[in-house]
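Structure record follows, encoded as structure tokens.
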Amino acid sequence: GDTIVVGAIFDSDDGEFSGSAYIFRRVGDDWDDGIKLTASDAAGGQNIYFGHSVSISSDGTTAIIGAYHDPHNGYEAGSAYIYLFNGSSWIELKLLDGEIDNSHFGYSVSISGDGSTAIVGAPLPYDSPGAAYIYKCYGSIGTGACCVGESCIIKSHEDLWNYNLVDGIKKLVPARTTL
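Letter by letter, the sequence shown follows residues 79 to 257 in this note's numbering.
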């Protein structure tokens, strides 16, 4: 594609290791200077690791950024942020939160080619083999009127396996592997 997203987890603009992500677009034969995204709620946050896992739709208009240490909904519960390109800028469309301490929700993320389905891996907590959360967009993504529905949780079996959704095809990948 003509758009890529790159995570920078050790960026410390909003607190030590708060993290960031950069989105670059190809213009002709060159790449633009990119735009920097940070977690909307990370001001002063430390060790959030926003950008640990990133994914972008094939048309380059919808991105998901994982922040697996985000503590605002529980100790290292994690979060994932969905962004939409509205034609001139990137806007945060939805914040998805982990709900269990130490679950590391957002450790792995992926978004379908059309940007309508997102999956978020949570390899922990320690008393669980991990889980994958699938979110489906209902409505029109292009207009920004997308409402992310309730997640469908897929419990993993052994060895901390989660699902990776690529263009609507489910694949198994190790949960501790960045998608």
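Beta carbons are placed, not taken as given, at the ideal position from N, Cα and C, and that holds for glycine. Computed from a predicted structure; not experimentally measured.
Report yes if the CB atom of residue i is closer than 9 Å to the CB atom of residue j, and no otherwise.
i	j	result
Y153	S131	no
S135	I189	yes
N180	L162	no
V105	A141	no
F95	I101	no
A259	F183	Because residue 259 is not part of the residues shown, which for the chain are 79 to 257, the question remains open.
V198	G144	yes
D111	G193	no
I178	A200	yes
Quick check on residue i: does DSSP put it in helix, strand or coil?
i	result
D108	strand
S90	coil
L162	strand
S133	strand
A155	coil
A117	coil
Among the options, which has the Cα closest to the Cα of residue i?
i	options	result
A158	Y213, G79 and R104	Y213
L173	F163, D148 and N164	D148
S90	N125, D107, G191 and D111	N125
K114	S167, D108 and N151	S167
Y185	L171, C215, G208 and N151	G208
G93	T195, T116, G191 and I169	T116
Would you decide whether residue i is buried or exposed? Buried here means 16 or more other CB atoms lie within 10 Å of its CB.
i	result
G176	buried
I160	buried
D107	exposed
Please look up how many angstroms separate the CB atoms of residue i and residue j, rounded, as I've assumed it's under 8 Å.
i	j	result
S133	V187	5 Å
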